[in-house]
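Note sheet for the following structure.
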Amino acid sequence: MAAAEPKPPTGAAAARRLARSCWSAFWDYETPKVIVVKNRRLGIVYRAVQLLILLYFVWYVFIVQKSYQDSETGPESSVITKVKGITLSEHKVWDVEEYVKPPEGGSVFSIITRIEVTPFQTLGTCAESMRVSNATCDSDEDCVAGQLDMLGNGLRTGRCVPYYHGSSKTCEVSAWCPVEDGASVSQFLGTMAPNFTILIKNSIHYPKFQFSKGNIENRKGGYLKHCTFHEVSDLYCPIFKLGYIVEQAGENFTELAHTGGVIGVIINWDCDLDLSASECNPKYSFRRLDPKHIPASSGYNFRFAKYYKINGSITRTLIKAYGIRIDVIVHGQAGKFSLIPTIINLATALTSIGVGSFLCDWILLTFMNKNKVYSHKKFDKVCTPSHSSGSWPVTLALVLGQAPPPPYPCSPDPGQAGQLQGEGQSQAWAAPPPWPCPTSAPSEQMVDAPERGAGPGLCASEPSQQDCVLTDARGLAQL
1 MAAAEPKPPT GAAAARRLAR SCWSAFWDYE TPKVIVVKNR RLGIVYRAVQ LLILLYFVWY
61 VFIVQKSYQD SETGPESSVI TKVKGITLSE HKVWDVEEYV KPPEGGSVFS IITRIEVTPF
121 QTLGTCAESM RVSNATCDSD EDCVAGQLDM LGNGLRTGRC VPYYHGSSKT CEVSAWCPVE
181 DGASVSQFLG TMAPNFTILI KNSIHYPKFQ FSKGNIENRK GGYLKHCTFH EVSDLYCPIF
241 KLGYIVEQAG ENFTELAHTG GVIGVIINWD CDLDLSASEC NPKYSFRRLD PKHIPASSGY
301 NFRFAKYYKI NGSITRTLIK AYGIRIDVIV HGQAGKFSLI PTIINLATAL TSIGVGSFLC
361 DWILLTFMNK NKVYSHKKFD KVCTPSHSSG SWPVTLALVL GQAPPPPYPC SPDPGQAGQL
421 QGEGQSQAWA APPPWPCPTS APSEQMVDAP ERGAGPGLCA SEPSQQDCVL TDARGLAQL
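This is the structure:
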């Protein structure tokens, strides 16, 4: 009668078995096994990757980026400016009080280089500007009384009146008259503007390192009254000519004075505080900040008015000013040696060197001709039998996951075992079954040479065919 076939495990039993195996594998310990592969090409790849990683960390990370330092960006900063000079227009002489707006001397200020003046404006009714949409008309029916255009100059009265010049007509508005476009006069102030001098006082402070410094040296004899900025000889004389700033920004002064623009004066304080304070110096750069190639957003202008009374009526002069706006921008970074970032970056460098081993292992186990042999040599599994013993060395060995000393020698060859049994020594090979002797060394060398059957293709012993290797417990007991 045929034996009944075993039933396959149910789903719950299979899940329990899988969970049990996963739980058992969770407590496994893995340790590297050193295998030396005698392959010149693989060795060149390994050393080349290590060299590249080492150069990257030594040159770029530590020398260029100075990653051994603790750093602070964005210093606390104050800026004070002062402009001096006079210029001429077609009708008058202009001094600092008139062409510098605002006059407080902050980090952002404007120097007026051209104006469009609409004088003697009074409150009344006049023709609307032709630039306003739907302002042109042929008769009063085209104008709606009480209509207010947000882009216009005033409130429409409902009348159609002749324009200031020409035969055109526009709707009448109640506003400051005459309107700007109808009676403005242009004046150019940029003739002598390139010789204006601008003093920029700047002081910075890095609170993390308690370090402060300014861009003006303490010199005697009225040094600032006679010097102008020079990058080499007068670095700490922050007096710049307006023409020099525009030139360094790569702009044409005449064109910029007519249309206006925004120029940035950038002061950079990059300080290595491991050196002396005299090595921390400001670096100036200049560039145009508004996009000059986009007509809709290029240029710079603003309006202001001056009010006065004539015969008891309020009158004003409206000025549309074009100018060069100066923005002083301060930024920087300070660094000083610190042990914590040094240790972190050194640990990162040493860890990254292991990328070479990972790459070469991947090549070894994937693309080499003997990849299966290499894989068999690289991965071994060690199992430990469970025995009870009361001695503390064996207990320590069990805690460390090692086996106690066996009560029997390693298994001999099958022929020798049969001979011993024939001589009446079968009691030495009774239960439990023998454990195999270890067949692989902790460190093995492998030579990438052609296979010759069972010849000496590998320098070490043949791969172990047993999964369980008994470890010497006597040595472990000495721990």
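Under full-length UniProt numbering, the residue at position 152 of the sequence shown is numbered 152, and the numbers go up by one with no gaps.
Where is the CB? At the ideal position from N, CA and C, for every residue including glycine.
| By how many angstroms is the C-alpha of residue 38 removed from the C-alpha of residue 446? | The predicted position of residue 446 is uncertain, since its pLDDT is 49 and thus under 50; no value can be drawn from it.
| If you draw a straight line from the C-alpha of residue 204 to the C-alpha of residue 329, how long is it? | Within the model, the alpha-carbon separation for residue 204 versus residue 329 is close to 12 Å.
| Are residue 74 and residue 332 close, meaning C-beta to C-beta below 9 Å? | Yes, Cβ-Cβ distance for residue 74 and residue 332 is below 9 Å.
| By DSSP, does residue 60 sit in helix, in strand, or in coil? | It is helical.
| message | Can you tell me where the alpha helix (DSSP H) holding residue 361 begins and where it ends? | response | It spans 355 to 366 - the alpha helix (DSSP H) in which residue 361 sits, taken as one unbroken run.
| message | Which residue wins for smallest C-alpha separation from residue 307, given the options 298, 319, 270? | response | Ranking the options by Cα distance to residue 307, first place goes to 319.
| Separation of residue 70 from residue 151, as counted between CA atoms | Inter-residue distance for residue 151 and residue 70 is about 55 Å (C-alpha atoms, whole angstroms).
| query | For the alpha helix (DSSP H) that contains residue 41, what are its first and last residues? | reply | Residues 40 to 55.
| query | With 16 as the cutoff for other CB atoms within 10 Å, does residue 282 come out buried or exposed? | reply | With at least 16 other beta carbons inside 10 angstroms of its own, residue 282 counts as buried.
| query | Count the other CB atoms within 10 Å of the CB of residue 111; is the residue buried (16 or more) or exposed (fewer)? | reply | Using a 10 angstroms sphere on the CB of residue 111, the tally of other CB atoms reaches 16 or more, which defines it as buried.
| request: Report the three-state DSSP secondary structure of residue 248 (helix, strand or coil). | output: In this structure, residue 248 counts as helix in the three-state DSSP scheme.
| request: Assuming residue 84 contacts residue 196 (C-beta within less than 8 Å), just tell me the rounded distance between them. | output: The Cβ separation is near 7 Å, so the contact holds.
| request: Output the distance between the C-alpha atoms of residue 191 and residue 218, rounded to the nearest integer angstrom. | output: Roughly 35 Å separates the two Cα atoms.
| request: List the residues that DSSP assigns as beta-bridge partners of residue 306. | output: Bridge pairing for residue 306: 317 [DSSP].
| field | C-beta neighbour in chain D for residue 39, strict 9 Å | value | Checking the listed chains, one finds no chain D in this structure; it contains a single protein chain.
| task | Tell me, please, whether the stretch 292 to 311 touches the stretch 256 to 273 by the rule of three or more beta-carbon pairs shorter than 8 Å. | result | Touching, yes.
| So, using beta-carbon positions, are residue 113 and residue 322 closer together than 9 Å? | Yes, the pair counts as a contact, with Cβ atoms nearer than the cut-off.
| field | Residue ranges of each beta strand (DSSP E) within the stretch 60 to 85, 3 or longer | value | Taking only runs of at least 3 residues, the beta strand (DSSP E) segments lying wholly in the stretch 60 to 85 are 69 to 73, 76 to 84.
| task | Give me whichever residues DSSP pairs with residue 175 in a beta bridge. | result | Note: residue 175 is bridge-paired with 124 in the DSSP secondary-structure output.
| request: Report all residues from its chain with a CB closer than 7 Å to the CB of residue 145; omit the five preceding and five following residues, and keep chain order. | output: For residue 145, where only same-chain residues beyond five positions count, the Cβ hits under 7 Å are 156, 157, 158.
| message | Whole angstroms are fine: how far does the CA of residue 210 sit from the CA of residue 66? | response | So the alpha carbons of these two residues sit roughly 20 Å apart.
| Sub-9 Å separation of residue 237 and residue 335 beta-carbons | Cβ atoms of residue 237 and residue 335: not closer than 9 Å.
| message | Suppose contacts are defined by Cβ-Cβ distances below 9 Å. Is residue 286 in contact with residue 245 by that definition? | response | Yes, they are a contact pair.
| Which residues mark the beginning and the end of the beta strand (DSSP E) in which residue 240 is found? | That run of the beta strand (DSSP E) goes 239 to 241.
| said: I'd like to confirm the pairing. Which residues does DSSP put opposite residue 116 in its beta bridges? | reply: The partner list for residue 116 (beta bridge, DSSP) reads 186, 320.
| Taking the Cβ atom as the reference point for each residue, do residue 126 and residue 160 lie within a distance shorter than 9 Å? | Not in contact: residue 126 and residue 160 (Cβ atoms no closer than 9 Å).
| message | Just list the residues that DSSP pairs residue 156 with in beta bridges. | response | DSSP lists 173 as partners of residue 156.
| request: Have a look at the DSSP bridge pairing and note the partners of residue 167. | output: In DSSP, residue 167 forms no bridge with anything.
| Under a three-way DSSP split, which group does residue 99 fall into? | If DSSP states are grouped into helix, strand and coil, residue 99 belongs with the helices.
| When we look at the beta-carbon of residue 143 and count the other beta-carbons within 10 Å, is it buried (16 or more) or exposed? | Within a 10 Å sphere around the beta-carbon of residue 143 sit 16 or more other beta-carbons, which makes this residue buried.
| In the structure shown, what three-state DSSP assignment does residue 284 receive? | Strand, per DSSP.
| query | Rounded to whole angstroms, how far is the Cβ of residue 265 from the Cβ of residue 200, which I believe are closer than 8 Å? | reply | Separation of the CB atoms of residue 265 and residue 200 is rounded to 7 Å, and the pair is thereby assigned contact status at 8 Å.
| task | Pick helix, strand or coil for residue 296, following the three-state DSSP scheme. | result | Looking at residue 296 - three-state DSSP - the assignment turns out to be coil, as it is neither helix nor strand.
| said: Please identify the residue among 290, 361, 93, 108 whose C-alpha is closest to the C-alpha of residue 34. | reply: Out of 290, 361, 93, 108, the CA that lies nearest to the CA of residue 34 is found in 361.
| Buried or exposed: residue 18, going by 16 or more other Cβ atoms within 10 Å of its Cβ? | Classification of residue 18: exposed, given that the 10 Å Cβ count is below 16.
| query | Among all the DSSP beta bridges, which residues are the ones paired with residue 334? | reply | Under DSSP, residue 334 forms a beta bridge with 72, 271.
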